[in-house]
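J.:
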């Protein structure tokens, strides 16, 4: 695909299952497309959208922008993205990727919404297996329900050993601000 070859878009292939290796379960004719640069997406949404974003009003596009931001951030680090959309329609996982022989599930939420698809897969580990999981949303760092929650901007700091997307978790509870600052 020309647009992908020249680096304008990112393609994420749907998989038939959530298991390693993801490429073996890829359905090449089923894919989602994202802009490699989220600014390109925003420029296509309408002339009034940049001003709305700057004023904090992005409600109608927030989900698409959040998902594109995460896709672009991972793609910029060479991480190959997949996604899972069950034939029945549910569950759907925004992104899947691999980390040292394991599948990692990624959910993107424009607000602090529940990651219902990911929670369902985690709760159904007998059917889907156990996987690492991370949710990016408009919230702070957290952990619970079987996954790590990170703010959307943290996708830009994603590190990888091989293709790992985890930001190292740091305990900030004992951190002290120096006096006079």
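Numbering (this note's numbering), first residue to last: 6 to 186. C-beta atoms are modelled at their ideal positions from N, C-alpha and C, and glycine is treated no differently. Please read all numbers here as calculations on a predicted model, not as lab measurements.
So, do the region 37-57 and the region 65-74 have three or more beta carbon pairs nearer to each other than 8 Å?
T.: The answer is yes - the region 65-74 touches the region 37-57, with three or more Cβ pairs under 8 Å.
J.: Does residue 114 pass the burial test, meaning 16 or more other C-beta atoms within 10 Å, or should it be called exposed?
T.: What you label residue 114 is simply residue 109 of the chain shown in a count that begins at 1. It counts as buried.
J.: Go ahead and pull the three-state DSSP assignment for residue 134.
T.: Position 129 of the chain shown, counted from the first residue, corresponds to residue 134. In the structure shown, residue 134 sits in coil (DSSP, three-state: anything other than H, G, I, E or B).
J.: Might you give, ordered along the chain, the residues of its own chain that have their beta carbon closer than 6 Å to the beta carbon of residue 171, omitting 5 neighbours on each side?
T.: The sequence position of residue 171 within the chain shown is 166, counting from 1. At residue 171 the pLDDT is 49, less than 50, meaning the model places this residue with poor confidence; the figure from the coordinates comes in the next sentence. Excluding positions up to five away in sequence, the list is empty.
J.: Output the distance between the C-alpha atoms of residue 23 and residue 159, rounded to the nearest integer angstrom.
T.: One-based indexing of the chain shown puts residue 23 at position 18. One-based indexing of the chain shown puts residue 159 at position 154. The straight-line gap from Cα to Cα measures roughly 24 Å.
J.: Opposite residue 32 in the DSSP bridges: which residues?
T.: Position 27 of the chain shown, counted from the first residue, corresponds to residue 32. Residue 32 is bridged to 19.
J.: If you draw a straight line from the alpha carbon of residue 127 to that of residue 93, how long is it in whole angstroms?
T.: On the chain shown, position 122 is the one that residue 127 refers to. On the chain shown, position 88 is the one that residue 93 refers to. Going from the Cα of residue 127 to the Cα of residue 93 covers about 18 Å.
J.: Quick check on the burial criterion: 16 or more other C-beta atoms within 10 angstroms. Buried or exposed for residue 1?
T.: Coverage of the chain is limited to positions 6 through 186, which leaves residue 1 absent and any answer about it impossible.
J.: By a C-beta neighbour count over all protein chains shown, 10 Å radius and 16 as the cutoff for buried, is residue 154 buried or exposed?
T.: Here residue 154 refers to the residue found at position 149 when the chain shown is read from its first residue. When all chains shown are included, residue 154 counts as buried.
J.: Under 9 Å between the Cβ atoms of residue 19 and residue 36?
T.: If you number the chain shown from 1, residue 19 lands on position 14. If you number the chain shown from 1, residue 36 lands on position 31. Their beta carbons are under 9 Å apart, which means residue 19 touches residue 36 by this criterion.
J.: If you follow the alpha helix (DSSP H) that residue 7 is in, where does it begin and where does it stop?
T.: Here residue 7 is taken as the residue at index 2 of the chain shown, counted from 1. Looking at the DSSP string, the run of the alpha helix (DSSP H) that includes residue 7 is 7-10.
J.: At the level of alpha carbons, what is the spacing between residue 15 and residue 132?
T.: Here residue 15 is taken as the residue at index 10 of the chain shown, counted from 1. Here residue 132 is taken as the residue at index 127 of the chain shown, counted from 1. One C-alpha to the other measures close to 29 Å.
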